[in-house]
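Q: I'd like to ask you about the structure that follows.
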Amino acid sequence: MSSGTDVQSTADISRAPFLPPINRRQFLLAGASTLLLSACQATPAPPVSVLPTAAARYAIGDLLGTTPFYIAHRGSGDNWVEHSFDSYSRVIDSGAKAIEVSVSATSDGVLVCHHDLTTKRMTGVDLPIAEVTWEELSQLRSDARAWLGPAAEREPLPLLADVLDAFATTHVIFLEDKQGTNTEALLKVMDSYSHSTEHFVWKQWAGATQYTLVDGHGYTTWGYFTPELFERANELAPRFDLLGVSHRATDAQVAVLVGFGKPVIAWEVHYRSMRDRMSDLGVAGMMCSNLPYVTGTTAGSQGDAFGTGLRAAGDLPWTIDEGTLVQPLIDAGAASVALDHRDVQSYLMGSMCPVGPGSYRITCELRWPESLPREEQHAGLAFGAADDRPYRVRVASDVSGYHMILRANGSLELFSRVAGTTEGTRLRAVLTAPPRASEWVRLQIEVLANSIRILRLDGDGWSMDIDDASYRGGYFWLCKNYQDGPPVEFRSILVS
């Protein structure tokens with residue numbers, strides 16, 4: 001996130017402040033803080049699922065009155081092309097109450113929605129937005145196919161005016177001046193909409209000073225804290241109505257902001273386990289990149305969506321820190337996904353999770369499309385995890401579970417693994433025919449109350465039964481369990 005001008009505050013926070021008559025913004029926030037404190041003292045509320053609502057209208061009070069509350073980060077960029085009119089529209093159609101909108105001005109003063117200060121990452125053309133006209137910028141298209149899948153449409157950069165005309169009077173807009181130079185222009189635009197203070201939240205880096213102008217217009221402010229600002233929390237937190245913390249922050253850093261008694265919002269939330277951790281720490285709001293999945297509690301599908309050429313909501317690599325570098329390649333024609341990252345790799349099938357409760361079956365096909373790895377190397381599925389925290393084979397995880405592997409020599413094996421350990425415990429193995437390059441192998445996992453059956457269904461067919469009931473969580477992953485190549489490909493994932 002970008003920062004604005006850092007000006008040393010002259011406020012003396014040791015003195016009791018003058019309390020002016022309470023305005024509507026303060027009334028709404030006071031109510032939210034009361035709800036927040038009550039929630040911290042009670043059993044955490046279950047997640048609130050975002051569902052489509054016809055002709056819904058939401059103001060800031062409606063948003064903050066729900067715990068947890070959600071804001072679509074970049075228009076829910078794990079699901080649609082980030083900061084596009086299409087993403088804002090689709091996430092609002094899915095039921096979102098609030099969207100986050102980043103803004104920069106072109107050289108001719110046109111306000112456009114885009115996260116970066118240049119267009120390189122999203123369009124492939126490296127243009128500094130502040131140095132080009134809207135006419136030049138309007139020719140470009142944001143391309144998220146490497147992240148969302150080959151069927152994702154390329155989208156134009158939207159005009160801020162078009163986005164606000166569509167949503168500023170019906171939904172909550174978290175608005176950020178990415179260049180840090182457009183505060184007055186943005187305030188003028190915001191003021192032009194009816195009931196604007198009920199719908200706009202000013203978003204900024206907590207170390208910047210734009211809030212001083214914004215306060216005079218009566219807008220709710222959100223200041224987000226990057227790591228270097230926590231030592232200044234006592235100075236900075238009182239400036240804002242809402243506080244922001246990264247999902248990468250330590251428990252201690254989150255506790256610092258929660259301790260101010262103001263609603264805290266975590267960014268950016270991609271997994272349900274991120275939401276759960278932040279909720280447990282007292283965070284009230286989730287600025288979420290994966291809204292349809294994170295707000296849900298049930299599986300969206302019983303089969304994979306690879307044939308659509310788009311990543312289904314909930315399917316994600318084990319980390320989002322490396323962006324498109326770790327997103328597997330979806331092939332719509334083959335209805336498959338290929339794991340080809342240089343590192344040990346896993347891919348969450350969150351769109352199909354949680355499976356169960358009770359007995360269930362997972363069926364899949366895998367192959368090495370180019371060549372086989374070394375005979376002892378392997379790929380397969382991890383399953384039985386209690387939540388969607390990353391599970392990679394041969395890499396320690398915070399969650400326990402099982403992993404079924406097929407080695408290049410044909411050995412089919414089942415391991416259990418306790419959280420925090422690298423090596424699992426082999427429960428059973430059966431030697432099957434060695435797979436051949438480019439040929440599909442069909443595997444099946446049957447999970448019963450007190451046992452597990454592993455089957456290879458192609459060829460002569462092989463099976464093994466294991467009496468073990470240690471883990472019955474509902475999350476599973478596709479896994480490539482070795483460094484470098486060759487890639488491994490999966491298709492026909494089915495839960496029944």
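Number 202 in the working numbering belongs to position 202 of the sequence shown; there are no gaps in the numbering. Backbone N, C-alpha and C define an ideal beta-carbon position, used for all residues, glycine too.
Using three-state DSSP, classify V125 as helix, strand or coil.
A: Looking at V125 - three-state DSSP - the assignment turns out to be coil, as it is neither helix nor strand.
Q: Please state the DSSP three-state secondary structure of P227.
A: Here P227 sits in helix by DSSP.
Q: Identify every residue that forms a DSSP beta bridge with P369.
A: The partner list for P369 (beta bridge, DSSP) is empty, contrary to what the question assumes.
Q: If you pair each beta-carbon of the segment 343 to 359 with each one of the segment 461 to 474, do three or more pairs fall below 8 Å?
A: Enough Cβ pairs lie closer than 8 Å, so yes.
Q: Taking Y524 and L164 to be in contact with their CB atoms under 8 Å, please state how far apart those CB atoms are, rounded to whole angstroms.
A: The structure shown has nothing for residue 524, since the chain only spans 1 to 496.
Q: Excluding the 5 residues preceding and the 5 following T319 in the sequence, name in chain order all residues of the same chain whose CB lies nearer than 8 Å to its CB.
A: Answer for T319: V326 and P390, listed in chain order.
Q: Does the distance from the C-beta atom of P548 to that of G309 stay below 7 Å?
A: In the structure as shown, the chain starts at 1 and stops at 496, and residue 548 therefore has no counterpart that could be examined.
Q: Of the choices E268, V258, N481 and T221, whose alpha-carbon is the least far from that of A284?
A: Among E268, V258, N481 and T221, the Cα nearest to that of A284 belongs to V258.
Q: Assuming R501 and V294 are in contact, meaning their beta carbons sit under 8 Å apart, how far apart are those beta carbons, in whole angstroms?
A: Limits of the chain in this structure are 1 at one end and 496 at the other, which puts residue 501 out of reach.
Q: What residue from H341, F167 and S138 has the CA that sits closest to D93's CA?
A: Residue F167 is the option with its Cα nearest to D93.
Q: Does the segment 362 to 371 come within contact of the segment 247 to 255, defined as at least 3 CB pairs closer than 8 Å?
A: No: the two stretches stay apart, fewer than three of their Cβ pairs being nearer than 8 Å.
Q: Pick out whichever of S496, Q345, W202 and A185 has its Cα sitting closest to the Cα of R361.
A: Ranking S496, Q345, W202 and A185 by Cα distance to R361 puts S496 first.
Q: Report the residue ranges of all alpha helix (DSSP H) runs contained in full by the segment 160 to 226; include only those spanning at least 4 residues, in chain order.
A: Listed in chain order, they are 160 to 167, 183 to 191 and 211 to 215.
Q: For D162, tell me which candidate among A144, L236, V189 and D304 has the shortest Cα-Cα distance.
A: Ranking A144, L236, V189 and D304 by Cα distance to D162 puts V189 first.
Q: Check whether the Cβ of E155 sits closer than 6 Å to any heavy atom of the ligand MG, and report yes or no.
A: Questions concerning the ligand MG fall outside what the structure shown contains, since it holds no ligand whatsoever.
Q: Expressed to the nearest angstrom, what Euclidean distance is found between the alpha-carbon atoms of L229 and E375?
A: If you take the alpha carbons of L229 and E375, they lie about 51 Å apart.
Q: Ignore the nearest five residues each way along the sequence and tell me which others in R57's own chain have a CB closer than 6 Å to its CB.
A: Only T170 meet the Cβ criterion.
Q: For P156, name the three-state secondary structure that DSSP assigns.
A: Note: P156 maps to strand in three-state DSSP.
Q: How many Å lie between A338 and L329 at the Cα?
A: Those two C-alpha atoms are separated by around 5 Å.
Q: Alpha carbon to alpha carbon, what distance is there between D62 and L28?
A: No answer about L28 holds up, because its pLDDT of 41 lies below 50 and its placement is not dependable.
Q: L310 by DSSP, collapsed to three states: which one?
A: L310 falls in the coil class under three-state DSSP.
Q: Alpha carbon to alpha carbon, how far is D143 from W267? Give it in angstroms, no decimals.
A: Rounded to the nearest angstrom, the two C-alpha atoms are 23 Å apart.
Q: Does the beta-carbon of R436 have 16 or more other beta-carbons within 10 angstroms, so that it is buried, or is it exposed?
A: Exposed: under 16 other Cβ atoms inside 10 Å.
Q: Which one or two residues does DSSP pair with V395 in a beta bridge?
A: For V395, which the question treats as bridged, DSSP gives the partners R392.
Q: Within the continuous beta strand (DSSP E) that includes D315, where are the two ends?
A: Residues D315 to P317.
Q: Can you list the beta strand (DSSP E) stretches of 3 or more residues lying completely in the segment 220 to 294, in chain order?
A: Segments of the beta strand (DSSP E) lying fully in the segment 220 to 294: 220 to 225, 242 to 246, 264 to 269 and 285 to 288.
Q: Since R428 sits in a beta bridge, which residues does DSSP pair it with?
A: Paired residues: L414.
Q: In terms of DSSP beta bridges, what is R361 paired with?
A: Partner(s): E446.
Q: Have a look at the DSSP bridge pairing and note the partners of V132.
A: For V132, which the question treats as bridged, DSSP gives no partner whatsoever.
Q: Of the choices I99, R442, T425 and R426, whose alpha-carbon is the least far from that of A433?
A: When each option's Cα is compared against that of A433, the closest is R442.
Q: Rank Y224, G314, L316 and D340 by C-alpha distance to the C-alpha of E499 and give the top, closest one.
A: A query on residue 499 cannot be resolved here, the shown segment of the chain reaching from 1 to 496 and no further.
Q: Since A382 and L406 are thought to touch, with beta carbons under 8 Å apart, how far apart are those beta carbons, to the nearest angstrom?
A: Rounded, the Cβ-Cβ distance is 13 Å, inconsistent with contact.
Q: Rounded C-beta distance between D215 and T221? I'm assuming under 8 Å.
A: Yes, D215 and T221 are in contact; Cβ-Cβ is about 7 Å, under 8 Å.
Q: Pick out whichever of W202, Q179, T118 and F85 has its Cα sitting closest to the Cα of L242.
A: When only C-alpha atoms are compared, the closest one is W202.
Q: Check for me: the beta strand (DSSP E) holding I466 runs from which residue to which?
A: W462 to I466 is the extent of the beta strand (DSSP E) around I466.
Q: From which residue to which residue does the beta strand (DSSP E) around L348 run?
A: Here the beta strand (DSSP E) through L348 covers Q345 to M349.
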